[in-house]
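Numbering (the working numbering), first residue to last: -19 to 323.
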Ligand SMILES: [Zn+2]
């Protein structure tokens, strides 16, 4: 007999509208925060950056916003911080749309859809990368792994890696990147910088031009109701750099956005966002800097009382282009977590 897979169960729940019933029962007084990164088509010819960071294709994103529009009240980050300050209440079924990093596809692909639905959102910018052609380390790694002719390599700290097809190559790359995240930021970059030579790939200076937003695009987003939050300057895991650098990364990214836009920044998102990636000292500095809400990747949705109790560790739903609509809907009611597969 076939074992019933979680995906079959989710499809069944979705078709029978049980997810909607669950949503109505549990989400009224919870904050549902969607954690997007990129909105793009990772299967498009020539796509050579980090596909796991693509949260949805433009078509998926449109369907997801339609799903939200029928079930949630999409609130802005200003609504959330004003509620945290006790200035007003939040509507029933509040949802907050967030994007991390500052990719240009947020401007090109997400903004038109947000405008169509009249939804606010917030983008957390890693400010060193805005308006520049420097790649994030995972995109440089993906570029090299996609373009190399090699099928094996010895790559510290992981050792010998082999792959046969695109899928096994992605598994090898993601495993290596996960190992890098456990190192100090300096060690991580030393390994990243050695990668093109080890994989025998040359990287032209303009290989990543246009991948992140320009400051003009940021300002256009703001003019259409998309707020900006801070996401550090150089995008380190804050617990993998010195406390002084962590403080500089937080204050510097906030000050940079405020200087470029003239709008105060009151929200922050942690890189990676797992429990080992932030601590009490970092939260204290966020608070001192004027950050009122900070977002992790601890799985949500989160009861409003809990958000109010811990506004600097708010959970979100990590989204992937591999999520069909039923799984997206299931994530938004916390079902995968209940079934034991949080991501
Ligand atoms: Zn990030």
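Think of the CB as a built atom: it goes at the ideal place given N, C-alpha and C, for glycine as much as any other residue.
Owing to the predicted nature of the structure, the values given are computational and were not obtained by experimental measurement.
Check	Outcome
I need the straight-line Cα distance from residue 246 to residue 279, nearest angstrom please.	22 Å
Between which two residues does the beta strand (DSSP E) containing residue 97 stretch?	It is not in any beta strand (DSSP E) - residue 97 instead sits in the alpha helix (DSSP H) that spans 91 to 97.
Which residue marks the beginning of the alpha helix (DSSP H) containing residue 119, and which one marks its end?	117 to 127
Residues around ligand 1, please: the condition is that the C-beta lies closer than 5 Å to some non-hydrogen atom of it.	80, 81, 251
Out of curiosity, what's the CA-to-CA distance linking residue 36 and residue 22?	9 Å
For the beta strand (DSSP E) containing residue 21, name the first residue and the last one.	No beta strand (DSSP E) holds residue 21; DSSP gives it neither H nor E.
Residues in the same chain with beta-carbon distance under 8 Å from residue 89, minus the five sequence neighbours each way, listed in chain order, please.	19, 20, 38, 41
What number of angstroms, rounded off, separates the C-alpha of residue 50 from the C-alpha of residue 185?	45 Å
Would DSSP call residue 180 helix, strand or coil?	coil
How is residue 294 classed by DSSP in three states: helix, strand or coil?	strand
Please classify residue 318: is it buried, with 16 or more other beta-carbons within 10 angstroms of its beta-carbon, or exposed?	exposed
Give the list of continuous beta strand (DSSP E) stretches no shorter than 3 residues that lie fully inside the segment 146 to 170.	none
Three-state secondary structure (DSSP) at residue -19?	Model confidence at residue -19 stands at a pLDDT of 47, short of 50, so the residue's coordinates are unreliable; what they give is reported in the following sentence. Reduced to three states, the DSSP call for residue -19 is coil.
Do you know offhand how far residue 330's Cα is from residue 17's?	Residue 330 lies beyond the stretch modelled for the chain, which goes from -19 to 323, so this question has no answer here.
How about the segment 211 to 224 and the segment 256 to 263: do they share at least three Cβ pairs that are nearer than 8 Å?	yes
By DSSP's criteria, residue 208 is part of a beta bridge. Which residues make up the other side?	103
Which residues mark the beginning and the end of the beta strand (DSSP E) in which residue 277 is found?	273 to 279
With respect to the alpha helix (DSSP H) encompassing residue 67, which residues constitute its N-terminal and C-terminal limits?	Premise fails: residue 67 is in no alpha helix (DSSP H) and is neither H nor E.
Run through DSSP, which three-state label would residue -14 get?	helix
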